[in-house]
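Take 39 as the starting number for the sequence shown in our numbering and just add one per residue. Every residue gets a Cβ at the ideal spot worked out from N, C-alpha and C, and that includes glycine. Input: a single structure, listed below in structure tokens.
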Amino acid sequence: MAEHAEAAKPDAAEKKAEHKEGKPCCCHKKKERSEKEYKDLIHRLNRIEGQIRGIRNMVEQDAYCPDILIQVAAANAALNSFNKVLLGNHLRTCVANDIREGHDETIDELLKVLQRLMK
Numbered sequence: 039m040a041e042h043a044e045a046a047k048p049d050a051a052e053k054k055a056e057h058k059e060g061k062p063c064c065c066h067k068k069k070e071r072s073e074k075e076y077k078d079l080i081h082r083l084n085r086i087e088g089q090i091r092g093i094r095n096m097v098e099q100d101a102y103c104p105d106i107l108i109q110v111a112a113a114n115a116a117l118n119s120f121n122k123v124l125l126g127n128h129l130r131t132c133v134a135n136d137i138r139e140g141h142d143e144t145i146d147e148l149l150k151v152l153q154r155l156m157k
């Protein structure tokens with residue numbers, strides 16, 4: 039599934055500049071996803087994208103604030119669900135493999151990710 043992850047890659051200078059500006063930088067690792075995992079994640083993201091577009095339309099059409107807030111809550115729930123699925127896949131594959139191979143730094147990486155998710 040590497041072809042799915044391919045996009046215009048920033049060079050080292052661009053990454054360094056982004057990091058200095060406080061923008062999140064990409065990790066050097068990649069994850070080859072199964073076709074099933076890839077399709078599930080993309081399906082979820084497409085649904086979330088549609089929800090966000092719907093919220094934008096509601097704002098543009100001067101919808102009632104509580105109605106918009108309900109849709110925002112639904113989009114947040116969908117993002118949280120996406121995170122749970124992605125984290126579960128990560129634990130079952132990447133983390134499990136790294137631990138089996140003795141890469142204990144993966145635990146520290148996971149803890150940092152969990153701390154950011156729980157803010």
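Inset, instruction - Compare the C-beta of His81 with all C-beta atoms of chain D and state if any pair is closer than 9 Å. - result: Given the protein chain composition of this structure (a single chain), no chain D is represented.
Inset, instruction - Can you give me the Cβ contacts of Asn127 inside the same chain, cut-off strictly under 7 Å, excluding the 5 residues immediately before and after it? - result: Excluding positions up to five away in sequence, the list reads Glu75.
Inset, instruction - May I have the straight-line CA-CA distance separating Lys157 from Glu139, to the nearest angstrom? - result: Taking the straight line joining both Cα atoms gives about 30 Å.
Inset, instruction - Using only alpha-carbon positions, find the residue among Asp136, Cys132, Ile137, Leu125 that is nearest to Leu152. - result: Nearest in C-alpha terms to Leu152, of all of Asp136, Cys132, Ile137, Leu125, is Leu125.
Legend entry - Residue nearest to Phe79 in terms of C-alpha spacing, selected from Asp100, Pro104, Lys122: Note on residue identity: the sequence assigns Leu, not Phe, to residue 79. Nearest neighbour of Leu79 by Cα position, chosen from Asp100, Pro104, Lys122, turns out to be Lys122.
Legend entry - Short Cβ contact (9 Å threshold) for Ile90 with Phe120: Cβ atoms of Ile90 and Phe120: not closer than 9 Å.
Legend entry - Nonlocal neighbours in the same chain, by C-beta distance under 8 Å from Gly92, ignoring five residues either side: Cβ within range, chain order: Gln109.
Legend entry - CB of Cys132 within 9 Å of CB of Lys67, strictly: Cβ distance < 9 Å, so Cys132 and Lys67 count as in contact.
Legend entry - Sequence-distant residues of its chain with Cβ nearer than 6 Å to Arg82 (five each side left out): Closer than 6 Å at the Cβ level, and outside the excluded window around Arg82, lie Phe120.
Inset, instruction - Could you check the C-alpha separation between Val97 and Ala113 for me, to the nearest Å? - result: Going from the Cα of Val97 to the Cα of Ala113 covers about 15 Å.
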